[in-house]
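Numbering (the numbering used here), first residue to last: -11 to 224.
What follows is a short report on a single structure.
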Amino acid sequence: MLLLGGLLLAADIAAAAPLTEADAVRRGLARAEIQTLLETRRREAEGNARAAGRWANPEIEYSRESLDLPGGELTETSLWIRQRLNVVGVHGLERDAAAALKVAAGARAEIERRDIAADIRRLYYRALAAQAQLRTARRWEARLDQLAGSVAERVAAGDASRYDLLRIEREFALLRGEVLGRQAAAESARDRLFSLIGGQPGSLSGRVMPPAVEESTVDDVIADHPLLVALDAEAN
-11 MLLLGGLLLA
-1 ADIAAAAPLT
9 EADAVRRGLA
19 RAEIQTLLET
29 RRREAEGNAR
39 AAGRWANPEI
49 EYSRESLDLP
59 GGELTETSLW
69 IRQRLNVVGV
79 HGLERDAAAA
89 LKVAAGARAE
99 IERRDIAADI
109 RRLYYRALAA
119 QAQLRTARRW
129 EARLDQLAGS
139 VAERVAAGDA
149 SRYDLLRIER
159 EFALLRGEVL
169 GRQAAAESAR
179 DRLFSLIGGQ
189 PGSLSGRVMP
199 PAVEESTVDD
209 VIADHPLLVA
219 LDAEAN
């Protein structure tokens, strides 16, 4: 009889609470590297907005001249301070442009955040599907192991042929190879996910098919899309 305990592969990595899709996205976006990236984009835009439209720095010029005169030497010292004046409203236009670019930068940062969240979700459901496939393969492996045990008992009792047992054992060996491949794929998919969101790899919780999204009109989707907000701000 084949021993189930010696043939089954190691179980999935245990975790106190399996990771859901929402948890994965939240953890990934909360990573210091991601926060630093998005904060850098925001501060750069704010810095450009503050710098735009400022008065030019005043220019200072100093000179000292000595003249030889019949009555003696005359020294003339001069100090000029020049300040460029904005008489045509250029600074105001620069401030408006910088404010628009700040809005655009914020929208593009939101696009970047959404792209990262989409990558996390994509890796999450790939890992979840691989985990489900591995679980299914292991169930079939366990059933075939039980069948092999029953046939082995019947062979010993003379109720079944040795050939039947050999055929089942051969099928079991093939299925075991399938399980090994599924396990490698599941571990690889899970490692890719956790390399993005951080933390120790653990089990996942959820349905392989993502939940249905709420119905919305095309106009609603377009109106809320940050890319259009960014393009509109940049155009202005």
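No residue lacks a Cβ here, since even glycine has one placed at the ideal position from N, Cα and C.
Here DSSP, grouped into helix, strand and coil, assigns THR28 to helix.
Distance check between ASP133 and each of LEU153, ILE185 and ALA145 places LEU153 closest, using alpha-carbon atoms only.
The C-beta of VAL167 has 16 or more other C-beta atoms within 10 Å across all chains shown, which makes the residue buried. Under the DSSP assignment, SER176 falls in the alpha helix (DSSP H) whose first and last residues are 150 to 185. Distances from the CA of ALA33 to each of GLN188, LEU184, ALA85 and GLN23 were compared; the closest alpha carbon is that of ALA85.
One alpha carbon belongs to ALA106, the other to ARG38, and they sit about 33 Å apart.
Counting along the chain, no beta strand (DSSP E) covers ARG19, and no H or E run does either.
Contact check for ALA177 and ARG114: beta-carbon distance about 5 Å, within the 8 Å limit, so the pair qualifies. Judged by DSSP in its simplified three-state form, SER138 adopts helix.
In the three-state reduction of the DSSP assignment, ARG70 falls in the strand class. Residue pairing from DSSP places GLU64 in a beta bridge opposite GLU53. When C-alpha distances from PRO189 are compared across LEU111, ALA136 and THR63, the shortest belongs to LEU111.
Comparing alpha-carbon positions, the option among ARG131, VAL91 and ALA5 lying closest to LEU163 turns out to be ARG131. Taking the C-beta atoms as reference points, LEU122 is found nearer than 8 Å to ARG170. Closest in alpha carbon position to GLU27, among GLU82, ARG70 and LYS90, is LYS90.
For ILE48, DSSP records a beta bridge to ILE69. Scanning GLY186, GLY165, GLU159 and ALA120 for the CA closest to the CA of LEU192 turns up ALA120.
By the Cβ neighbour-count rule, ARG96 is buried, with 16 or more other Cβ atoms within 10 Å of its own.
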